[in-house]
Structure formats: C-alpha cells, structure tokens
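Number of protein chains: 4
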Amino acid sequence: MNTDNEITKLKKVTFIEQARRSQIIECAIDTIVEIGYTQASLGEIAKRANVSKGVISYHFSSKDELFEQIVYKYDELSKSTFLPQFDMQIPPKKMMQKYIKSHLHFIEQNRNLVYANIEIVSNTRTKEGKFKFAGKFDERILEPIEYILLLGMKDGSFRRFTKLSRRILAQTIRNTIDGFSLEIIRNPDVDVSEYIKELNLIFDLSTRVD
Amino acid sequence: MNTDNEITKLKKVTFIEQARRSQIIECAIDTIVEIGYTQASLGEIAKRANVSKGVISYHFSSKDELFEQIVYKYDELSKSTFLPQFDMQIPPKKMMQKYIKSHLHFIEQNRNLVYANIEIVSNTRTKEGKFKFAGKFDERILEPIEYILLLGMKDGSFRRFTKLSRRILAQTIRNTIDGFSLEIIRNPDVDVSEYIKELNLIFDLSTRVD
Amino acid sequence: MNTDNEITKLKKVTFIEQARRSQIIECAIDTIVEIGYTQASLGEIAKRANVSKGVISYHFSSKDELFEQIVYKYDELSKSTFLPQFDMQIPPKKMMQKYIKSHLHFIEQNRNLVYANIEIVSNTRTKEGKFKFAGKFDERILEPIEYILLLGMKDGSFRRFTKLSRRILAQTIRNTIDGFSLEIIRNPDVDVSEYIKELNLIFDLSTRVD
Amino acid sequence: MNTDNEITKLKKVTFIEQARRSQIIECAIDTIVEIGYTQASLGEIAKRANVSKGVISYHFSSKDELFEQIVYKYDELSKSTFLPQFDMQIPPKKMMQKYIKSHLHFIEQNRNLVYANIEIVSNTRTKEGKFKFAGKFDERILEPIEYILLLGMKDGSFRRFTKLSRRILAQTIRNTIDGFSLEIIRNPDVDVSEYIKELNLIFDLSTRVD
DNA sequence: CATGAATGAGTGTTCATTCAT
DNA sequence: CATGAATGAACACTCATTCAT
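Chains as they are written, first to last, in my numbering: chain A, 2 to 211; chain B, 2 to 211; chain C, 2 to 211; chain D, 2 to 211.
This is the structure in structure tokens:
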C-alpha cells in the first residue's frame, strides 16, 4: 500500500511540523507572559524552547507571523468556545450570567494565551502608528452583550436602555472581563467562582427593573 | 549684587531647564499616543520636539528617567486633583458619584498623559520581567473605592458587602475607568457627560439596598 | 552677523556630512575592488573606513542607498566628463578616436570607481531576479558610437553600414572599453597609451573605406 | 554471479549518482541565470530541482564544489569543442573566422552554461579577496588567438604586429566574444549569423594588409 | 546649552551545513 | 538515498547612549 504509506508519511510530517509550530507558539506565549511583549525577542523565545533562533525562522516566515498565530489561536479558541453557547432559547438574564461565567472560566483556563493576545493586540502597530489588530478593539465584540441587553429589555427582564446606555453597559462588562484577564496574571490565586458570583450580582443589580 | 545676579541666573537657568524638560515630556507623551510605547524611540520623540536626540540625553539621564517623569507627572497631577476631593463630609453615595465623575473628567482633560502613563506602566519591565511600576497595579489604588463602599455599607446607603465582594466591585469600577482611558483615545468624540451619567446609574443600582 | 554665522554653520555641517559620505563611498568602492561585491559587507566597508558599522547606517539609509550612490557618482562623473566632449564640429574619424582615448583615460584615472560600478550594476538584482540597474545595460550607451558611425558613413569617412552592422560594431567598441576596465584592475601596469593607439588602429581599419 | 551483480549495482549506482549530480548542476546553472550569482542560494537551486536542500549537500561536498563543477563542465565542453578544431592546416584568415564563428555558435547553444560560468568565475573569491578561478582570466585564453595572428603575420595574410599589438587585438576579440555571452542573455533573439558575419568583417578589416 | 557624529549591543533574518530518521 | 529539521555564524539595520565641539 504505497499510497497509504505516503499518506501516513505526509500526515506524520504535517503533524510533526504542526506540533513544532504549536510548541514554539506555546513558548512565545510563555515568553510574553514572563517578560512582556517588548522584551519578547526571538532569542528569548528560542531560549525558552531550548532551540536556536534559526528554528523559529525555519517554522515561521517572520516574527510577525508567529505573533499573528498567537492572535489567531486566541480567536479560534474563543470562537469555538463561545459561539456554540450563544443560545437564543435561554432567557436573557441567564444568558448574561452564562456570558460572564464562561468568559471568566475561559480566561482562567487559558490565562497565558489570553494575556499574550492582549499584549500583542495592544502593542502591535504599523510603522505609521495604526493598530495592526485594530479589528480586535472594534464594536463587534460588544454586539453579543448589547443583543442580550436588548432582548432582556424587550421581554421586561432588564430595565429600559437607550442605545447609548446599552453600549456603555456593554463596554463596562467587557472592561470588567478584560480587567480580569490582567488580574489573574498578577494574582494567580484569585477565587474565580467568587469573582463570577460577584460580577453576576453586580450586573444583575445594574440591569434590574425597579 | 553679584550674588543676586547669580541667584537670578540660577533661577532662570533652572526655569529654562524645567521648561525644556516639560516640553520634552510633553512630546514624549504625544509620541507614545501617536505610535505607541514600542515604537516611541528617542529619535521619534526628538523629531516631534524639533530637537536633536542628544538634547533629550542632555536633559534626562536616560530614556528610563524620561518615562519615569511621565509616570511621575501623572501621579502628581492625579494626587493633586483627587486628594483634595476626598472629603469625609460628603455622604458615600455622593462620594462615589464624585469619584467616577472626577476621574472621567480628569481622563477627558488629560487623555494623552493618562494613555501614555498606561502604556509605560503596563510595558516597562526589568530585565528579569518584573513590572517596574508594579506599584501602579497594586491594591492601594482600590483603597479609596473600597473605603467609600465600606462607609456606605456602614451607614446603610449601600447594600452589604463581604471584604472580597467589596474588592471585586472596586476592581470593576477601576476597570471601567481604565477602560474609558483607552476608549477616549480610540473614540475621541465619546459623550463624557452621558458616560458619567450611565456609570453612575450602573453603580448606583449595583450598590443599592433592596 | 548672526545670519552669516548660521549660514557658515549650515554650510560647514552640510560640508562635513558630505565629506563623510564621500569618504564612506570611497571606502565602499575600495572594498568592492579588494574583495568583490559579494563579500563587501557593511562590516568590511566599516573596517576599511576605521569606523563602526553603525556609522554607515547613520549616513546612509541602507546598504542599497550606499551602492546606489556609487553608481550615481560614476554616472555623474561620466556625464560631466564625456558630454562636453561630444562636439559636432570634429570630423567623425577624430571623434571616434577621441571617444576611445577619453574613455580609456577616464578608466585609467577612475579605475576603482569604474570597476565598483560594474560589479554593482552587474550583480544587483531585485528579489525576482531582474537587474536593478538594467538601464545601465541598455541601448542608450551605444547611441553616441552609432551616431558617430552614421555621421562618418554619411560624409564618406567611414565605410557603409546597415543599421544592424552599425549596432554590432558599436557593441564591439563598448565591449572593448568595458573589457579594458577589468583588465586594468587585473593588470595595473597596462600601457594605456599603447592600448589607445592599438584600439584606434583596429577600429580605424575596420571602419575604413576601401 | 554475485560479483557481476555487484558490479552492475555499482555501475548503476554510479550512473544514478552521476545523473543526479548532472541534474542538480543543470538546475544550479538555471538558477544563476534566472536570479544571479548573489541570490543563487542552495535553497533556490533545490526549489528549481524539486528536491530538498539536503540532497544537494548529499551529492556535493559543498556549495563551492557544486559551483566548481559548473566551471569544470564549462571547461570540459569548451575544450572538447575547440581543441579538435585547432587545425594547423587551415590558413590563418580562415582559422580566425572559424574561431569567431565556433565560439559564437558555442555560446548560442550553451548560453546558460556560459553565462553561469562567467558569473561564478567573476564573483567567486577567497576570503582574502583573490579570485578563486583566477586562471580563467589568465593569458592562456589569449594564446590561440595570438598564435593565429602570428601565423597570419608570418605568411603575409595579416598585417604586421608587435607582440603587444597582437595581445591587444587578441584581448579585443576575446572581449567581443565575452560581451556576446552577456548580450545573448539580455537579448535572446539576437541574430547570431549576422553577428558572426559582422565580427568577421570587423576583424578581417582590422588585420588586413594595406 | 545644543548639536551632529559615533558607538556598540541587540534584533530579525538568511543560509550553508550537519544530522537523525 | 533522501528528507525535514536544526544549527550557528553572518548579515543589515535600529537605537540608547556618549562625546567633542
């Protein structure tokens, strides 16, 4: 079965290559967490991966691509985690609670990836100073929250909002979640369950009908 | 008269010197806002200040010192703005509203300084990877808010908190304020009054006694 | 006369800067002659200029620009040398002799520049493999010779040519001159006067009317 | 039979080995023509040969050896083409015409090899800057032409030459031939027969007796 | 005081070469 | 035999810092 062998070989090759890329990506993430975006040179990443600098260039076309892959990994993991949870059936209040809970759990379980993503996205700029990953800051990230708030307002489970007040509340919730990403790096022993409970209480109260 | 002249001279020198330092600090802040911490080299700062690179080295012992001065300026302005406002006489609810309002106004009026401070504080690390301005993240920043919450809880104007729940709420408020610092850079036309109104509503509701 | 001083200063500054650039260009030329285009790294050039590598980057935006300047210098010197000599008054036969003679003298007196120019022009290619200085090879370089041949043919001092035969003869003359540029580097003691005399004889004979 | 088999095997192995080497040499030649000596890395050669970089290192002890083989191939083909033609019986004038004609045909038919050889020979230097293939530039290449000129002078079919004038004319002819090697790469549609005819005319005229 | 000039360490990247499989 | 993987030296370039004028 020549064909089979070749396929096996090809798969294996690709698999090894992918494994190596993954390993380097992982080390790059750790490096960023340990010493920060600014100091995370290829040399430092290579050191942590116990390989020579050239290995990284061999597997990635550039440092930019390596960092893009980290952002990509974050995006994919993020999408695959949260999209399936976006269920219209659940009542808005529950939905909001689920949103907060699942994001905090996601951050807890992927804290280094989440932190590295923030570092890269907030620091990578073009030569002209524009944010390279500007899309990451854009409004779309607020849409799910705004939509939940809208649903809850319509079915009477939340108080009334203007379009602007909905947006500001959504931003507040996002800021809270992003802030948690930094907090868990600084203080790894944070009590996540308690944090979730408190945030749910805070935003339950701040959305309740009088 | 000699002495007098020398003093005058010294004063003048110091004054000019201070003016020069201030000017460079201002340009450094603008540079960081325009192109980000990573790309803010002495060359880029000098270009914006219309001076040679050497001038900066002449007035500041190092790039580190220049950036420290930005953080110092932020701290001083921050202290001189907020400390006088910390008035025990005002009822907690009002105090909290004032806290939010004054911070957002402060950010609005000093947006570049605030943003540069964040960039520096979150990116400057020691060779070993420790945050150089670690103190900026520390608990002390939460103390005023926690204290207000404690007061309000004791006099019955806020709901009951555990120590931990107080801290989490304080963090939420801080995250909201820090998030606004970034938002106003990305979106300079944000309606600050409306933002203040909404945040006050949100945190009024979330601290209210049933 | 403040103005005067400033002008003097500016001129001096520009003058020093130009002198430094010229000096580096000269060292780059020598380096190419000594070790060839391929091995002529910024480090080797800097070594010959007794400066650090960074100095070159300080005065030139890139290695490319430095090499472009060599080609530019060749072009300018070449133009300023030969253009004034292109005199319609002289009879074609004399003109041709003058062409050969002045080019060989030019090469003799600027042998390193001429050689470095050839190395750069023949080796510098784009990423896709196109010659960056393709224009240097183009037909225009043959125009003066072809024109002289045409004039001589018309006034009967040269034999008859077709357009193609004129071009081939022009190429032959150019190849001879370019070949001399390499020869004088390999064999610095070449007898230039004799060379000129012989080439003039060769091309006299090959253009002569029966 | 064992022995026979082994011999067969060895022969086959050697044959395959030789075929592989030839294939790689051919690709190296093409690479040099396409993107130039400077950019002709093992990676680019391997890409054109549809093999991995390692294969080249496997079949050649070094990049140097691979390039030497190109020069060697050129030399061998050159020798085997021109040596048999060097026939004392032919009259000098015919001999010279044959020299030019056969060289231009050789270049036409082996243009890539000829061009790659020039690139390698003119660019490969030792660490100290000496030309590695210095012998290629040396006087021996002029010997056949000089000899033909001497013969023709002696039998009265060419004009009189000094030793030096003979050498200069020989160089002129060589420069013309080398120049054609470059011309045919830049302009593949060059009319070779016409070129031969013209060169023969030019050098016929320049050697003729008054 | 201010400048342009220079330095040298550090960065990302390329590449010939080596090697285990 | 052939491969992909890895190495390490070399490269062009950037930049904070120093210094003579």
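The C-beta atom is built at its ideal place from N, Cα and C for all residues, glycine as well.
Between the alpha carbons of C:Asn124 and C:Glu45 lies a gap of roughly 18 Å. Exposure of A:Gln110 is indicated by the presence of fewer than 16 other C-beta atoms within 10 angstroms of its C-beta. For B:Gly44, the enclosing alpha helix (DSSP H) covers residues 43-50.
Residue pairing for D:Arg126: DSSP places it in a beta bridge opposite D:Phe132. A contact is defined here as three or more CB-CB pairs under 8 Å, and the stretch 112-131 of chain D fails this definition with respect to the stretch 144-158 of chain C.
Interface residue (Cβ-Cβ distance to chain D less than 9 Å): C:Tyr116 is not classified as such. Segment contact: the stretch 192-203 of chain C against the stretch 96-107 of chain C, three or more CB-CB distances shorter than 8 Å; contact assigned. Under the DSSP assignment, C:Ile71 falls in the alpha helix (DSSP H) whose first and last residues are 64-83. Just so you know, the alpha carbons of C:Thr208 and C:Ile186 end up roughly 29 Å apart.
As the crow flies, the alpha-carbon of D:Leu78 is around 26 Å from that of D:Leu152. Boundaries of the alpha helix (DSSP H) around A:Asp179: 164-187.
A residue is called buried once 16 or more other Cβ atoms fall within 10 Å of its Cβ, and D:Lys94 is buried on that count. Close to D:Leu150, with beta-carbon spacing below 7 Å, lies no residue of chain C; the smallest spacing is near 12 Å.
In this structure A:Ile108 does not touch A:Ile146 by the C-beta definition: roughly 16 Å separates them, more than the 8 Å allowed. In the three-state DSSP reduction, C:Val34 falls in the helix class (H, G or I).
Contact of D:Glu195 with chain C is assigned, a C-beta pair being separated by under 9 Å.
At a cut-off of 9 Å between beta carbons, C:Tyr75 makes no contact with chain D. The continuous alpha helix (DSSP H) containing D:Asn201 extends over residues 193-208. Between B:Leu143 and A:Asp192, the gap from beta carbon to beta carbon reaches 9 Å or more.
Look at the stretch 53-70 of chain C: it has no residue with a C-beta under 8 Å from a C-beta of chain D. Nothing from the stretch 80-92 of chain C brings a Cβ to less than 8 Å from some Cβ of chain D. By the criterion of at least three beta-carbon pairs nearer than 8 Å, the stretch 65-78 of chain C is in contact with the stretch 23-34 of chain C. With respect to D:Glu184, C:Gln172 sits close: the two C-beta atoms are nearer than 9 Å. Taking the CA atoms as reference points, D:Asn188 sits about 29 Å from D:Lys133. Taking CB atoms only, A:Glu35 has a neighbour in chain B less than 9 Å away. Within the stretch 169-186 of chain C, the residues whose Cβ lies closer than 9 Å to some Cβ of chain D are Ile169, Leu170, Gln172, Thr173, Arg175, Asn176, Thr177, Ile178, Asp179, Gly180, Phe181, Leu183, Glu184, listed in chain order. Per DSSP, A:Gly157 lies in no alpha helix (DSSP H) segment and is marked neither H nor E. At a beta-carbon threshold of 8 Å, the residues of chain A lying near B:Gly130 are Glu35, Ile36, Gly37, Gln40, ordered along the chain.
Distance from the CA atom of C:Tyr59 to the CA atom of D:Ser103, rounded to whole angstroms, is 53 Å. In the DSSP assignment, B:Gln98 falls within the unbroken alpha helix (DSSP H) covering 93-110. DSSP places C:Thr39 in the helix class (H, G or I) of the three-state scheme.
Judged by DSSP secondary structure, B:Ile57 falls within the alpha helix (DSSP H) whose first and last residues are 54-60. Against C:Arg209, the close residues of chain D are Leu206, in the order they occur along the chain (beta-carbon pairs closer than 8 Å).
When only Cα atoms are considered, B:Ile149 and A:Ile57 end up about 52 Å apart. Contact check for C:Leu67 against C:Ile26 passes: the beta carbons are separated by less than 9 Å. Within chain C, the C-beta atoms nearer than 7 Å to that of D:Ile203 come from Leu170, Thr173, Ser207, in chain order.
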